[in-house]
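Chemist: Submitted below is the structure of interest, expressed as structure tokens.
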Amino acid sequence: MRPFEQLLDSMDYLVHGNRMLAGLGVCYGTARDSRHALCGNAQEVLLGPDGFAPAARPLTGRTLYDLASLTKLFTCLCVLRLREDGRLSLDERFGEADPRFPGLRDVTVGDVLSFRAYLRSPSRVDEAANRTEALARVFAIAPAAPPAVKLYTDMNALALGHLVELRADMELYEYVQRAVLRPAGMTETFCRVPPQRLGDCANYNYECRLTDGRPVLRTDAPPGTPHDPKARVLGDGGRHLSGHAGLFSTLGDMTRLAQALLSGEVLPLAVVREIGVNRTGRPNADGTHVQYLGYQCFSRHPQQRLSEVPAYMGPCALGLSGFTGNHLSLDPEAGVFALFLGNRAHARLTTLVPPLGLSEADFGLDADGAGRVRWPSGLASPAPGLALWSSVRYVYQKDKRLHAPIWADMEALGWLVSSRRESPCR
């Protein structure tokens with residue numbers, strides 16, 4: 027089987043086989059060439075009083091995906107554009123650059139951009155009653171003692187988004203349009219989806235999380251509404267963009283972004299090469315590693331299973347993922363990218379924390395975290411006989427199912443030169 031056919035087979039397996047995804051769009055290539063494929067639906071079901079009713083809408087080239095944490099890349103690009111234009115220095119003290127953040131007076135903009143500063147809010151932003159209360163919690167963000175492994179958090183991008191607005195003297199989405207969308211030729215990337223395009227939005231509603239045997243089914247993310255609850259409360263109905271999540275885009279527009287980054291149309295290539303350089307990762311004495319992170323992205327991790335950067339990309343590569351099922355990796359030295367826009371939230375079990383003494387297998391999941399989980403008996407259910415497919419371990423499927431055939435196909439097409447994978451960052 028040829029590599030591209032293997033990719034199509036893998037996509038079909040993830041959508042129609044183990045059912046981890048409702049739908050998946052894939053594109054990969056170089057600054058000039060690309061291949062893409064679509065599989066599955068933008069929506070499978072709607073929830074009614076009698077349970078899930080079929081309401082399939084297939085993916086198309088016009089489908090708008092919730093980018094989730096891929097939004098952080100746009101925030102990063104805005105920060106670097108301000109730096110290139112002489113309007114911001116990464117060496118500035120953050121709390122002096124933006125006095126609304128008194129807790130960040132002792133860390134630099136670069137510390138926040140690179141996750142060297144581990145930031146926390148005093149109380150959960152997503153539990154705020156409204157935008158005003160949520161903003162108060164955001165502006166109270168401050169450094170905290172870093173964990174041994176996981177440094178990645180939304181708080182850094184949240185703070186950076188407000189700094190961009192202050193220095194650019196405009197709303198974040200307006201500056202995203204000026205600094206990123208227009209230079210890249212992107213016309214289908216939105217903070218607030220136009221009413222006439224709501225029918226093109228993928229549906230991420232009906233996500234279920236099961237913790238200690240108690241399920242929660244979310245029904246607060248209809249199409250066109252950010253799946254991320256912090257982005258929702260801060261966005262105030264799509265009027266404002268947050269730095270960490272909230273953008274919607276098409277596979278074609280995100281392909282244009284990747285190719286524009288590889289060709290230096292958004293920022294000079296020398297600046298793009300900075301983004302994915304590891305600035306935090308190192309081994310711990312117990313054999314674990316502190317997360318390998320660059321500028322609002324993941325860097326290549328020495329343990330491939332834990333790396334958002336695929337094995338065919340080098341030390342300059344950047345990787346990002348979104349909770350909803352998205353992934354973007356890009357290597358400015360090798361000149362290649364891979365983009366996955368998936369939906370692991372729609373009518374799916376995304377999170378399973380078994381009660382003490384039980385395992386995922388006790389809930390019917392296989393070793394890959396796939397399977398179908400029924401609503402626990404004895405608990406009130408949103409509908410009779412409710413059952414959801416699991417996407418619990420989808421993140422670990424990407425290398426084998428998607429990146430492996432993409433790697434083989436790009437080499438067969440002459441798009442990927444193996445010797446360039448290990449080129450040092452310049």
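In this text, residue positions in the sequence shown follow the working numbering: the first is 27, and each later residue adds one.
For every residue, glycine included, the Cβ atom is placed at its ideal position computed from N, Cα and C.
Treat the numbers as computed from the prediction; the structure is a model and nothing was measured.
Answer with buried or exposed for Met339, where buried requires no fewer than 16 other C-beta atoms within 10 angstroms of its C-beta.
Modeler: So Met339 counts as buried.
Chemist: Report the residue from Ser416, Cys104 and Leu365 whose alpha carbon sits nearest the alpha carbon of Leu93.
Modeler: The shortest Cα separation from Leu93 among Ser416, Cys104 and Leu365 belongs to Leu365.
Chemist: Nearest-angstrom Cα distance between Arg19 and Ala82?
Modeler: Outside the displayed range of the chain (27 to 452) lies residue 19, so it cannot be described from this structure.
Chemist: So the candidates are Val418, Asn44 and Trp401; which of them puts its Cα closest to the Cα of Leu412?
Modeler: For Leu412, the nearest C-alpha among the options comes from Trp401.
Chemist: Note down, in chain order, each residue of its chain lying with its Cβ closer than 8 Å to the Cβ of Ala171, except the 5 sequence neighbours on either side.
Modeler: Same-chain partners within the cutoff: Tyr144.
Chemist: In angstroms with no decimal places, state the Cα-to-Cα distance between Val418 and Gly278.
Modeler: About 28 Å.
Chemist: Any idea what DSSP makes of Arg265, helix, strand or coil?
Modeler: Note: Arg265 maps to coil in three-state DSSP.
Chemist: Where does Gly176 land, buried or exposed, given buried means 16+ other C-beta within 10 angstroms?
Modeler: Sequence check: residue 176 is Lys here, not Gly. The residue is exposed, with fewer than 16 neighbouring Cβ atoms inside 10 Å.
Chemist: From what residue to what residue does the alpha helix (DSSP H) around Arg198 run?
Modeler: Before going further, note that residue 198 is Leu rather than Arg in the sequence given. Element bounds for Leu198: Leu198 to Val202.
Chemist: According to DSSP, what are the bridge partners of Thr134?
Modeler: Per DSSP, Arg119.
Chemist: Quick check: is the beta carbon of Leu198 nearer than 9 Å to any beta carbon in chain C?
Modeler: Here chain C cannot be found, since the structure has a single protein chain.
Chemist: Got a sec, what are the start and stop residues for the alpha helix (DSSP H) Leu189 sits in?
Modeler: From DSSP, the alpha helix (DSSP H) with Leu189 extends over Met181 to Ala194.
Chemist: Classify Val379 as buried or exposed, calling it buried when 16 or more other Cβ atoms lie within 10 Å of its own Cβ.
Modeler: Answer is exposed; the Cβ neighbour count stays below 16.
Chemist: Spatial neighbours of Ser445 within its chain, please: CB distance less than 7 Å, with the 5 preceding and 5 following residues excluded, ordered by chain position.
Modeler: Per-residue confidence for Ser445 stands at a pLDDT of 46, beneath the threshold of 50, marking its modelled position as unreliable; the derived number appears in the next sentence. The answer is none, since no qualifying residue turns up.
Chemist: Spatial neighbours of Leu130 within its chain, please: C-beta separation below 6 Å, excluding the five flanking residues on both sides.
Modeler: Here the set comprises Phe120 and Gly121.
Chemist: If Leu34 sits next to Asp124, beta carbons under 8 Å apart, how far is it from one beta carbon to the other, in whole angstroms?
Modeler: Not quite, the Cβ-Cβ distance comes to about 47 Å (not below 8 Å), so this is no contact.
Chemist: Kindly list the residues whose CB is nearer than 8 Å to the CB of Arg305, restricted to its own chain and excluding five residues on each side of it in sequence; keep chain order.
Modeler: Excluding residues within five positions, the ones whose Cβ falls inside 8 Å are Ser140, Phe141, Arg142, Leu319, Gly320, Tyr321 and Ser325.
Chemist: Determine the closest residue to Pro336 out of Leu260, Arg374, Leu236 and Leu442, with distance taken between C-alpha atoms.
Modeler: The shortest Cα separation from Pro336 among Leu260, Arg374, Leu236 and Leu442 belongs to Leu442.
Chemist: Give me, in chain order, the residues of the same chain whose beta-carbon lies closer than 7 Å to that of Tyr199; leave out the 5 immediate sequence neighbours on both sides.
Modeler: Once the five neighbours on either side are set aside, the close Cβ partners of Tyr199 are Cys217 and Leu267.
Chemist: Taking three-plus beta-carbon pairs below 8 Å as touching, is the segment 228–244 in contact with the segment 280–294?
Modeler: Verdict: no, contact absent.
Chemist: My output table needs one value for Ser445: the three-state DSSP class, helix, strand or coil.
Modeler: The predicted position of Ser445 is uncertain, since its pLDDT is 46 and thus under 50; no value can be drawn from it.
Chemist: Taking the DSSP output, what are the residues bridged to Ala79?
Modeler: Looking at the DSSP assignment, Ala79 forms a beta bridge with Leu72.
Chemist: From what residue to what residue does the beta strand (DSSP E) around Cys53 run?
Modeler: Looking at the DSSP string, the run of the beta strand (DSSP E) that includes Cys53 is Gly49 to Gly55.
Chemist: Tell me whether Ser3 is buried or exposed, calling it buried when 16 or more other Cβ atoms sit within 10 Å of its Cβ.
Modeler: Any property of residue 3 remains undetermined from this structure, which presents the chain solely from 27 to 452.
Chemist: Would Leu414 and Arg370 be called neighbours here (beta carbons separated by less than 9 Å)?
Modeler: The answer is no: Cβ separation not under 9 Å.
Chemist: Considering only the beta carbon of each residue, do His270 and Thr350 sit closer than 9 Å?
Modeler: The answer is no: Cβ separation not under 9 Å.
Chemist: Would a C-beta distance cut-off of 9 Å place Ala228 and Leu90 closer than the cut-off?
Modeler: Yes, these two residues count as a Cβ contact at 9 Å.
Chemist: Apart from the five residues on each side of it in sequence, which residues of its chain come closer than 6 Å, Cβ to Cβ, to Leu72?
Modeler: Same-chain partners within the cutoff: Ala79 and Ala81.
Chemist: If you draw a straight line from the alpha carbon of Glu159 to that of Glu214, how long is it in whole angstroms?
Modeler: Computed Cα separation, rounded: 31 Å.
Chemist: Counting only runs that start and end within the segment 330–395, where is the beta strand (DSSP E) found for 3 or more residues in a row?
Modeler: Taking only runs of at least 3 residues, the beta strand (DSSP E) segments lying wholly in the segment 330–395 are 344–348, 352–357, 362–368 and 374–379.
Chemist: Using the Cβ count rule (16 or more neighbours within 10 Å means buried), how would you classify Met27?
Modeler: That one is exposed.
Chemist: Name the one or two DSSP bridge partners that Gly411 has.
Modeler: Per DSSP, none; premise fails for Gly411.
Chemist: CA-CA distance, Cys53 and Gly345?
Modeler: Spanning the two alpha carbons is a distance of roughly 15 Å.
Chemist: Between the Cα of Leu283 and the Cα atoms of Pro209, Thr251, Val297 and His315, which residue gives the shortest distance?
Modeler: Leu283 has its Cα closest to that of Pro209, out of Pro209, Thr251, Val297 and His315.
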